[in-house]
Amino acid sequence: MPVLFAASLESSPQWWPWLLLPAVIFAGYFGPGYLLSRQWSSPAPVLSAFLGSCVALFYTVLLLDACDIPASRGAVAALLVVICLGIFWLNRRLPKPPSSMTRLRLRLGDLWWLFPVLCGLAAIVGRAWIEPLSGYDNGFRWDYIAHLLVRQGDLHFYPPVTAADFDLYAWCDGIPPLVPVLNFWIYLGTGSEEIGLTVARVAIEAGLLFYTVFLLGKKLWGAAGGQAAIAALSTSSLLLWGVAMGQETGLTALGMAAMLYFITEYEEGKRSVLLWAGIAAGVAGLSREYALAFPLIGLLALRWKGASWRSLALFGFTAWAIAAPWYVRNALHTGNPLYSQSVGGLFPVNAAYAESMSTIASFWSVSAHWSWLGSFGTHVAALAGMALVLGVAGAVRAGSRSIPFVAAMLLTIALWLWSLSQTAGGWIYAMRVLTPCIAVAAALAGWIGTIDSRRWKAVLALLLSLVAVDATRRAWLLPVFPMAPILPYDWQVWKETRLELYMIRSHKVWDVLAFTMGNEGIAVDHPAYHAELTRRGALAIPFFSPRVAPFYDRKLSWSEALAALRHNRVRLVVVTQGRMSSDFMNKFPFLHRLRTEAKPVAEVGSLIIYDLTTLAPPPPLP
Numbered sequence: 006m007p008v009l010f011a012a013s014l015e016s017s018p019q020w021w022p023w024l025l026l027p028a029v030i031f032a033g034y035f036g037p038g039y040l041l042s043r044q045w046s047s048p049a050p051v052l053s054a055f056l057g058s059c060v061a062l063f064y065t066v067l068l069l070d071a072c073d074i075p076a077s078r079g080a081v082a083a084l085l086v087v088i089c090l091g092i093f094w095l096n097r098r099l100p101k102p103p104s105s106m107t108r109l110r111l112r113l114g115d116l117w118w119l120f121p122v123l124c125g126l127a128a129i130v131g132r133a134w135i136e137p138l139s140g141y142d143n144g145f146r147w148d149y150i151a152h153l154l155v156r157q158g159d160l161h162f163y164p165p166v167t168a169a170d171f172d173l174y175a176w177c178d179g180i181p182p183l184v185p186v187l188n189f190w191i192y193l194g195t196g197s198e199e200i201g202l203t204v205a206r207v208a209i210e211a212g213l214l215f216y217t218v219f220l221l222g223k224k225l226w227g228a229a230g231g232q233a234a235i236a237a238l239s240t241s242s243l244l245l246w247g248v249a250m251g252q253e254t255g256l257t258a259l260g261m262a263a264m265l266y267f268i269t270e271y272e273e274g275k276r277s278v279l280l281w282a283g284i285a286a287g288v289a290g291l292s293r294e295y296a297l298a299f300p301l302i303g304l305l306a307l308r309w310k311g312a313s314w315r316s317l318a319l320f321g322f323t324a325w326a327i328a329a330p331w332y333v334r335n336a337l338h339t340g341n342p343l344y345s346q347s348v349g350g351l352f353p354v355n356a357a358y359a360e361s362m363s364t365i366a367s368f369w370s371v372s373a374h375w376s377w378l379g380s381f382g383t384h385v386a387a388l389a390g391m392a393l394v395l396g397v398a399g400a401v402r403a404g405s406r407s408i409p410f411v412a413a414m415l416l417t418i419a420l421w422l423w424s425l426s427q428t429a430g431g432w433i434y435a436m437r438v439l440t441p442c443i444a445v446a447a448a449l450a451g452w453i454g455t456i457d458s459r460r461w462k463a464v465l466a467l468l469l470s471l472v473a474v475d476a477t478r479r480a481w482l483l484p485v486f487p488m489a490p491i492l493p494y495d496w497q498v499w500k501e502t503r504l505e506l507y508m509i510r511s512h513k514v515w516d517v518l519a520f521t522m523g524n525e526g527i528a529v530d531h532p533a534y535h536a537e538l539t540r541r542g543a544l545a546i547p548f549f550s551p552r553v554a555p556f557y558d559r560k561l562s563w564s565e566a567l568a569a570l571r572h573n574r575v576r577l578v579v580v581t582q583g584r585m586s587s588d589f590m591n592k593f594p595f596l597h598r599l600r601t602e603a604k605p606v607a608e609v610g611s612l613i614i615y616d617l618t619t620l621a622p623p624p625p626l627p
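Set out below in structure tokens:
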């Protein structure tokens, strides 16, 4: 197997990719959508340009993949040019509707809220710059797919089904890869795989999210509500962290907020905003599968405004039609549109993955830890900052106008609780799913900008500023130290999270194993191990691969399973010490006997390494 990612991800970036970055960003992130926004008039053209371009870029890559055309720089650029020319031709053929752009005006009185906003944006961009793509899953999922796409030139390996697929990608999922595609375009366009370049994507998502919450707060509460809303948003360390980590939750929050904003701009006959609301919901659905539920909130919001059934149909069709092709591809490729979610046994899934999820659920699901519900509330309240409390107060103040927004918050909370049992990183890490809830709550919190008393407004602005400063620091401590005390106020603690994130990557054992094993396979129980070995050119085999099917075949004897594994090129088995790993292995006779009776060839830190060539059949069980 060739060495993937030969260029070190930690190497210092060259200067020329940074010079190319602005042009690459404009061409892929704004160009197609900008042309589309000129035809479908948008009250927020920059926001629409980004959302429309996300869809165009995603399906450019998917179309090339479907046609077996390598996604090279020339091919992607050429198809984007064709899309832009098509939109330009459409603009010339059809009458252009009048512009309804919402203008951003900053008044002197708005400066009350400026400091918290600067703190929040600095927290996101600063972490994305110093510690790019800090989310745990970036190294083996989100950003890893982007690098594979650069090297392979296609998405044939994803979702993984065959042994060859799993040789490249370890985790058994079919999450729509909008985030990887956005990273891929940066790497492809600049000619560099330096992850620091992705700070541009994170900064754009952060800026547009703040802008959208500003527009939504202004629409709800008038001119003074927008600035107050984003000041409240800046007090949530949960949201700042959820965006800065560079995974999907920046886009899901943006999709939800943008969908609601465009719907607030809707009036009967104003179809263009319905299209943009649908595109926003579709972008969320291309970011994560649970966001397919977001259009339900959009339908509720439209119906609450008295929209016609025709308008509801246009919005719903747009939203789900944008997301649908990816899920159809999943169904054709795996037999499951939501691979690998079984939906109560309705769809087929990878059996080993299902057992793994069952083990994770026994640790992290709500039903497994009812006693934790109190701490759930404490953590959410602390990490949501003042956005949630003020947002609830705003919902009461707004009365019936707030019903769709409250529904959006409740839906997001329900999705978060559902996700707990499927997040191996634990329920604190799963809290990132709440970023859309915080964004909506912040818009409702914009009511504080309508307070007439200058004294009380100054007091609130000072309080938000103090909380925002703490949120700035606390966002860098997540997810390891979510409840760090305010005092002593140590700005250096966040470096400990870097040690957590990079401990696996820097482990010397991967170089040793990759060098000594050659073409023989190394079965691993953690996707990060797989990614590190694959980067070094080794044949890493995840526990979900057909190559290790003998692990789970209860009909095979010990010697038969060993022979079958060796036939499938499996030589080493690397497992993690710990209860979750042992509970999973204990479910299967071969893995149970391997863990309890076989002698490992090495124990390196938390890793236990078995060499199948040294194992003789153990004595029969009594």
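Per the numbering used here, the sequence shown runs over residues 6 to 627.
Glycine included, each C-beta is placed from N, C-alpha and C at the ideal position.
Quantities reported herein were computed from a predicted structural model and do not represent experimental measurements.
Burial check for residue 350: the Cβ neighbour count within 10 Å stays below 16, so the residue is exposed. Secondary structure of residue 196 (DSSP, three-state): coil.
For residue 475, same chain residues with a beta-carbon under 7 Å away, outside a window of 5 residues either side, are 491 in chain order.
Around the beta carbon of residue 600, 16 or more other beta carbons sit within 10 angstroms, so the residue counts as buried. Residue 477 and residue 560 have their C-alpha atoms some 55 Å from each other.
Between residue 439 and residue 418 the beta-carbon gap is near 7 Å, inside 8 Å, which marks them as a contact.
Pairwise C-beta distances place the region 282 to 292 in contact with the region 57 to 64, as three or more of them are shorter than 8 Å.
Note on residue 138: 16 or more other CB atoms within 10 angstroms of its CB, so buried under the neighbour-count rule. Across the set 386, 463, 468, the C-alpha of 386 shows the shortest separation from the C-alpha of residue 243. The region 166 to 180 makes no contact with the region 464 to 472: fewer than 3 CB pairs, one atom from each, lie closer than 8 Å. The beta carbon of residue 456 sits closer than 6 Å to those of 462, all from its chain and outside the five residues before and after it, given in chain order.
Assignment of residue 76 by DSSP, reduced to helix, strand and coil, places it in the coil class. The three-state secondary structure of residue 142, taken from DSSP, is helix. Rounded to whole angstroms, the separation of the alpha carbons of residue 190 and residue 35 is 12 Å. Ranking 334, 253, 328 by CA distance to the CA of residue 72 puts 334 first. Counting only runs of at least 4 residues, the region 205 to 275 fully encloses the following alpha helix (DSSP H) elements, listed from N- to C-terminal order: 228 to 238, 242 to 249, 254 to 269.
Distances from the CA of residue 320 to each of 458, 287, 296 were compared; the closest alpha carbon is that of 287. Straight across, the Cα-Cα distance linking residue 613 with residue 586 is about 11 Å. Going by beta carbons, residue 546 and residue 528 fall inside the 8 Å limit. Using a C-beta cut-off of 8 Å, the region 269 to 283 makes no contact with the region 150 to 167, since fewer than three inter-stretch Cβ pairs fall below that distance. Counting only runs of 4 or more residues that sit fully inside the region 429 to 513, the alpha helix (DSSP H) segments are 432 to 435, 440 to 449, 459 to 482, 500 to 507, in chain order. A contact between stretches requires three or more CB pairs, one per stretch, nearer than 8 Å, and the region 245 to 265 fails this requirement with the region 20 to 32. Shortest Cα-Cα distance from residue 41 to any of 206, 33, 53, 342 involves 53. The DSSP assignment places no complete run of the beta strand (DSSP E) inside the region 325 to 404 (cut-off: 3 residues). A check of alpha carbon separations from residue 56 across 331, 261, 352 identifies 261 as the nearest. If the five residues before and after residue 78 are omitted, its C-beta is found closer than 6 Å to the C-beta atoms of 193, all from its own chain and listed in chain order. Assigned with DSSP and collapsed to three states, residue 288 falls in helix. By the Cβ-count criterion, residue 583 is exposed, with fewer than 16 other Cβ atoms from all chains shown falling within 10 Å of its own Cβ.
If you compare the alpha carbons of 487, 362, 279, 240 with that of residue 46, the shortest gap goes to 279.
According to the DSSP assignment, residue 57 belongs to the alpha helix (DSSP H) that extends over 50 to 71. Residue 540: member of the alpha helix (DSSP H) spanning 532 to 540, first to last residue.
Between residue 581 and residue 531 the beta-carbon gap is near 6 Å, inside 8 Å, which marks them as a contact. The beta carbon of residue 434 sits closer than 8 Å to those of 141, 428, 484, all from its chain and outside the five residues before and after it, given in chain order.
Between residue 76 and residue 154, the CB-CB gap stays under 8 Å.
Taking the Cα positions, residue 460 is about 59 Å away from residue 540. Just measuring C-alpha positions, the residue of 219, 578, 229, 251 sitting nearest residue 134 is 251.
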